[in-house]
Amino acid sequence: MLTENFHNWMGEKNLLDVSKRYSKVLSKVIKKCLNPVNEEVVIIGDYGLKDRNFSAILSYAYHLAAQDMGLKSDVLLQSPKKKGEYAEEHIVNRLEKIDDNAIIFMNASNRMGSIKDVSYRKFIKGRMSKFCSSPSLCYIPNEHIEDFIAALDLDYEKLWEEHRYIKKKLDMASEIIIKTAAGTDLVININGVMGRSADGFYIDHGTGGNLPAGEVYIAPNANNTYGKVVIDGSSRNIDGTILTENNPITLTIEDGTIIDIDDPSEEKLLQKSIHWAESIMPNNLASRQIGEFGIGLNPKAKLIGCTLLDEKVRGTAHIAIGNNLWFGGVNDSPIHIDQVFKNPIIKIDGEVLNI
């Protein structure tokens with residue numbers, strides 16, 4: 272049950288009507304993406320940061336949507352968590368008591384926090400629940416909340432069909448070549464690797480992923496990516512995401528490893544993020560290696576400087592630097608930072624992918 276304190280806090284922040292405005296779209300998301308059959312719904316969020324309360328807004332909106340559908344719904348909030356921190360005790364206790372085959376929504380300003388030394392995803396999958404996660408919501412300014420909601424309001428059947436088509440092509444392929452007018456010229460070996468689909472099709476228990484949906488992605492074969500990538504969309508780092516259209520970052524890659532970063536900014540946040548990861552795991556090349564190639568397919572997503580949306584934008588592609596253990600790769604790193612670039616021409620085994 273939604274606690275009275277949370278309801279009152281939402282009222283004090285003048286956020287109740289904002290959540291109510293979005294509940295209709297979220298009812299569609301619950302129905303289409305999760306196909307509920309009287310499952311218990313547990314929603315985990317946080318109170319957000321100063322003037323960045325989207326986690327609470329989204330959590331309350333999901334609660335209203337679930338109630339409107341006649342589902343039992345419970346909302347739990349905590350203070351925002353950073354990488355390496357733990358979820359608060361009342362969150363852990365509630366999750367340990369959750370029904371098998373429940374539906375769980377996680378909406379975090381940054382991260383949810385670990386649960387007894389395991390990640391949220393590992394814990395939830397062990398319970399065979401359906402789950403949806405929306406992390407890093409503090410990077411969405413209030414003026415872009417409407418963009419986030421719009422990216423949820425989709426023709427999901429059409430989206431699923433396109434995801435299945437592209438995933439099948441990747442599953443059967445050996446090589447991807449990506450070029451852009453901005454200067455990207457990249458070759459990736461994917462022979463024998465299976466693609467993954469973040470399509471929002473989470474109707475089976477034990478399945479889940481990010482929302483908004485809209486990417487097909489794959490872990491390249493280790494040491495088999497080479498060329499150049501011009502990051503002219505957005506660049507994720509350990510402190511957040513920056514838009515790079517006006518200051519593109521160029522990566523030079525050999526044998527799957529970044530050997531040069533040409534970054535015109537003074538802050539050099541990408542380099543600092545890699546150096547930080549290397550200080551955590553020294554003598555480990557994984558924090559400089561390409562761990563992912565992904566294709567954005569969400570027709571309503573926009574580049575706003577939040578990776579959760581940026582990597583889903585139709586007409587973009589992205590690579591990620593670092594960890595890919597959870598989707599079939601071998602890179603063990605404390606970072607997984609996505610780099611988005613625009614207008615790619617993608618060839619799969621020599622055939623142009625028409626999107």
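Residues in the sequence shown are numbered consecutively from 272, following the working numbering.
Where a beta carbon is used, it is the ideal one built from N, C-alpha and C, also for glycine.
Would a C-beta distance cut-off of 9 Å place residue 461 and residue 441 closer than the cut-off? Working through the sequence shown from its first residue, we reach residue 461 at position 190. Working through the sequence shown from its first residue, we reach residue 441 at position 170. Yes, they are a contact pair.
Distance between residue 536 and residue 477 (C-alpha atoms, nearest Å): Against the sequence shown, residue 477 aligns to sequence position 206. Against the sequence shown, residue 536 aligns to sequence position 265. Across the structure, residue 477 and residue 536 are spaced so that their CA atoms are roughly 43 Å apart.
DSSP three-state label for residue 559, please. Translated into positions along the sequence shown, residue 559 becomes position 288. Helix at residue 559.
Among the residues of its own chain, which have a CB less than 6 Å from the CB of residue 370, if the five just before and after it don't count? Counting from one through the sequence shown, the residue named residue 370 turns up at place 99. In its chain, beyond the 5 residues on either side, 311 have a beta carbon closer than 6 Å to the beta carbon of residue 370.
Between the CA atoms of residue 493 and residue 299 - distance to the nearest angstrom: The count along the sequence shown starts at 1 and reaches residue 299 at position 28. The count along the sequence shown starts at 1 and reaches residue 493 at position 222. Those two C-alpha atoms are separated by around 40 Å.
In terms of residues, what are the limits of the beta strand (DSSP E) holding residue 591? As a working mapping, residue 591 is identified with position 320 in the sequence shown. Here the beta strand (DSSP E) through residue 591 covers 587-593.
What residues in its chain sit with their C-beta under 7 Å from that of residue 296, if we drop five residues either side in the sequence? Locating residue 296 in the sequence shown gives position 25, where the first residue counts as 1. Taking C-beta separations shorter than 7 Å and ignoring five residues to either side along the sequence, the partners of residue 296 in its chain run 420, 423, 424, following chain order.
In three-state terms, what does DSSP make of residue 472? Locating residue 472 in the sequence shown gives position 201, counting from the first residue. Coil.
With 16 other CB atoms within 10 Å as the buried threshold, where does residue 607 fall? Indexing the sequence shown from 1 puts residue 607 at position 336. Around the beta carbon of residue 607, 16 or more other beta carbons lie within 10 angstroms, which makes this residue buried.
Counting C-beta neighbours from all protein chains within 10 Å, is the total for residue 546 16 or more, i.e. buried, or is it exposed? Locating residue 546 in the sequence shown gives position 275, where the first residue counts as 1. Flag for residue 546 reads exposed.
Min CB distance residue 383 to chain D below 9 Å: Within the model displayed, chain D is absent; a lone protein chain is all it includes.
Which full runs of the alpha helix (DSSP H) of 4+ residues lie inside the segment 309-355, going along the chain? Listed in chain order, they are 325-339.
Report back the beta-carbon spacing between residue 451 and residue 614 to the nearest angstrom; my notes put them in contact at under 8 Å. Sequence index remark: in the sequence shown, residue 451 carries index 180 (1-based). Sequence index remark: in the sequence shown, residue 614 carries index 343 (1-based). So it is a contact: roughly 6 Å between Cβ atoms.
Tell me whether residue 530 is buried or exposed, calling it buried when 16 or more other Cβ atoms sit within 10 Å of its Cβ. On the sequence shown, residue 530 is found 259 positions in, with the first residue counted as 1. With fewer than 16 other Cβ atoms within 10 Å, it is exposed.
Going by CA-CA distance only, name the one from 325, 444, 334 that's closest to residue 343. Taking the sequence shown and counting its residues from 1, one reaches residue 343 at position 72. Selected option, being the one with the closest Cα: 334.
Apply the 10 Å Cβ neighbour rule to residue 533 and answer buried if 16 or more other Cβ atoms are within range, or exposed otherwise. Locating residue 533 in the sequence shown gives position 262, counting from the first residue. Residue 533 should be labelled exposed.
So for residue 599, helix, strand or coil by DSSP? For the purposes of this step, residue 599 is taken as the residue at position 328 of the sequence shown. If DSSP states are grouped into helix, strand and coil, residue 599 belongs with coil.
Going by the beta-carbon positions, is the gap between residue 326 and residue 346 smaller than 9 Å? Position 55 of the sequence shown, counting from 1, holds the residue named residue 326. Position 75 of the sequence shown, counting from 1, holds the residue named residue 346. At least 9 Å separates the beta-carbon of residue 326 from that of residue 346.
Check each candidate in 375, 434, 559, 411 and name the one with the smallest Cα separation from residue 609. As a working note, residue 609 is residue 338 in the sequence shown. Ranking 375, 434, 559, 411 by Cα distance to residue 609 puts 559 first.
Excluding sequence positions up to five away, which residues of its chain have a Cβ less than 7 Å from the Cβ of residue 339? Residue numbering aside, residue 339 sits at position 68 when the sequence shown is read from its first letter. For residue 339, where only same-chain residues beyond five positions count, the Cβ hits under 7 Å are 294, 298.
Proximity below 9 Å, CB of residue 466 to CB of residue 480: For the purposes of this step, residue 466 is taken as residue 195 along the sequence shown, with counting starting at 1. For the purposes of this step, residue 480 is taken as residue 209 along the sequence shown, with counting starting at 1. No, these two residues do not count as a Cβ contact at 9 Å.
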